[in-house]
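Take a look at the structure set out below.
In this note's numbering, the protein residues as written are 53 to 476.
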């Protein structure tokens, strides 16, 4: 005869991510959530190197009473670190406790739940002492390695599609471009991946600079408090050098970075990122293809250490949005390509700009693009010299708007020299 027993397990999981909390009873962090007609709160309090976790639940303004049947009552609270589930801490919940204080509590060493600059762990309350989702998986032998795929057009297409999917994936991005000169989008962030950006030297340098500034800021904030020194988790972490230098390895492991863009618009940077990810030029920008966020200037959050941060709302600019991105011009894209050291894109832009020279834009291109590209300057100078008769009509001076430009005299001389050469 075979005897079988069946037990139904109920679990409720709270995923916790909290900034580092300083030691002391006055320093705590509380968050709440509604579920199953109940309001649940999780409160974190730090004492030395121990993190106390307390969970409370309420229903319709009163304490939520557990069922009398112990098989259907939550009996255990588990603290499960994200980094290593083997460090799980389990605490019993008594029925009298749930009726009286409507809470459960436990504690865990801060080192077990510390991940980067945050505490990251799950709080699970369950009807069973053993968690169902932590059962030991069956270990399978690794599969035999597959031969490398042949490089075909289909492979290239798949790689392109994958990179374009990453370009709009808000869950994996780690670097944000903010725009100080684009007054239309002052509270907008354009996101990307520094592992992809770092393949290009100028972006690599910008990332290292932003990393160094973030590292310096964190170090200065860490030493800002007066004696006696506040106890915090950095005491138990490896110390950092006081040098302001930063390596590529450090940059790869740093949290979210912000890079300020002073010279170019949101649309132009979208076009730059599209070329970096897809290897294609795109002048008409569809915001839904990018990871774009809005920072709500009216909503400011405070963490437990008194630092402020703006809330970020992921809000791609859809075709129905009142926000519209104008098409990027070849001139704008060419200047950005030159600034960020994208030689291949710069060559494409130079060719396209030379092909759109006209009487209405030749002088503008000469000064705004020609100062950065010898090829474009020569094409513009030759064009202006050839059409000088129609550009200088009556007393009209086509160079008037650039008379204060530092290169104005040099450009005029080059045009006159080219005109003289054509006559000769």
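Beta carbons are placed, not taken as given, at the ideal position from N, Cα and C, and that holds for glycine.
Item	Value
For residue 462, the first and last residue of its enclosing alpha helix (DSSP H)	460-475
Helix, strand or coil at residue 428 [DSSP, three-state]	helix
Beta carbon of residue 226 nearer than 8 Å to that of residue 318	no
Supposed close pair residue 130, residue 145 - CB separation, criterion 8 Å	Wrong, their Cβ atoms sit about 11 Å apart, outside the cutoff.
Bridge partners - residue 309, DSSP secondary structure assignment	227
Spatial distance of residue 171 from residue 264 (CA atoms)	24 Å
Anticipated Cβ contact below 8 Å, residue 5 with residue 102, distance rounded	Nothing in the structure corresponds to residue 5, since the chain is present only between 53 and 476.
Same chain, Cβ closer than 6 Å to residue 435, neighbours up to 5 away in sequence not counted	409, 414
Cβ-Cβ distance between residue 323 and residue 315 below 8 Å	no
Host beta strand (DSSP E) of residue 143 (start-end)	141-144
C-alpha gap between residue 136 and residue 110, whole angstroms	31 Å
Proximity below 8 Å, CB of residue 432 to CB of residue 418	yes
CB contact flag (residue 259, residue 246, <8 Å)	yes
Cα-Cα separation between residue 231 and residue 138, rounded to whole angstroms	45 Å
Nonlocal neighbours in the same chain, by C-beta distance under 6 Å from residue 177, ignoring five residues either side	64, 126, 129
Sub-8 Å separation of residue 402 and residue 386 beta-carbons	yes
Burial state of residue 468 (16 or more Cβ within 10 Å)	exposed
Residue 377 and residue 328 closer than 8 Å at C-beta	no
Burial state of residue 292, where buried means 16 or more other Cβ atoms lie within 10 Å	At residue 292 the pLDDT is 25, less than 50, meaning the model places this residue with poor confidence; the figure from the coordinates comes in the next sentence. Classification for residue 292: exposed.
Where residue 313 falls, given that 16 or more other Cβ within 10 Å makes a residue buried	buried
Three-state secondary structure assigned by DSSP to residue 455	coil
Euclidean distance between Cα positions of residue 70 and residue 167	10 Å
Residue 171, enclosing alpha helix (DSSP H) - first and last residue	That residue, residue 171, is in no alpha helix (DSSP H); its beta strand (DSSP E) goes 170-178.
Proximity of residue 405 and residue 383 at Cβ, strictly below 8 Å	yes
Delimiting residues of the beta strand (DSSP E) encompassing residue 326	Segment 318-330 is the alpha helix (DSSP H) holding residue 326; no beta strand (DSSP E) there.
Residue closest to residue 100, alpha-carbon to alpha-carbon, out of 423, 447, 159	159
Where the beta strand (DSSP E) through residue 100 begins and ends	Residue 100 -> no beta strand (DSSP E), and no H or E assigned at all.
Contact check, residue 106 vs residue 157, beta carbons under 8 Å	yes
Residue 394 versus residue 380 - alpha carbon distance	17 Å
Whole-number beta carbon distance between residue 343 and residue 219, since they are thought to touch under 8 Å	7 Å
Inter-residue Cα distance where the pair is residue 181 and residue 62	11 Å
Residue closest to residue 240, alpha-carbon to alpha-carbon, out of 339, 472, 346	346
Element boundaries [beta strand (DSSP E), containing residue 486]	It is not possible to answer for residue 486, since the shown part of the chain is limited to 53 through 476.
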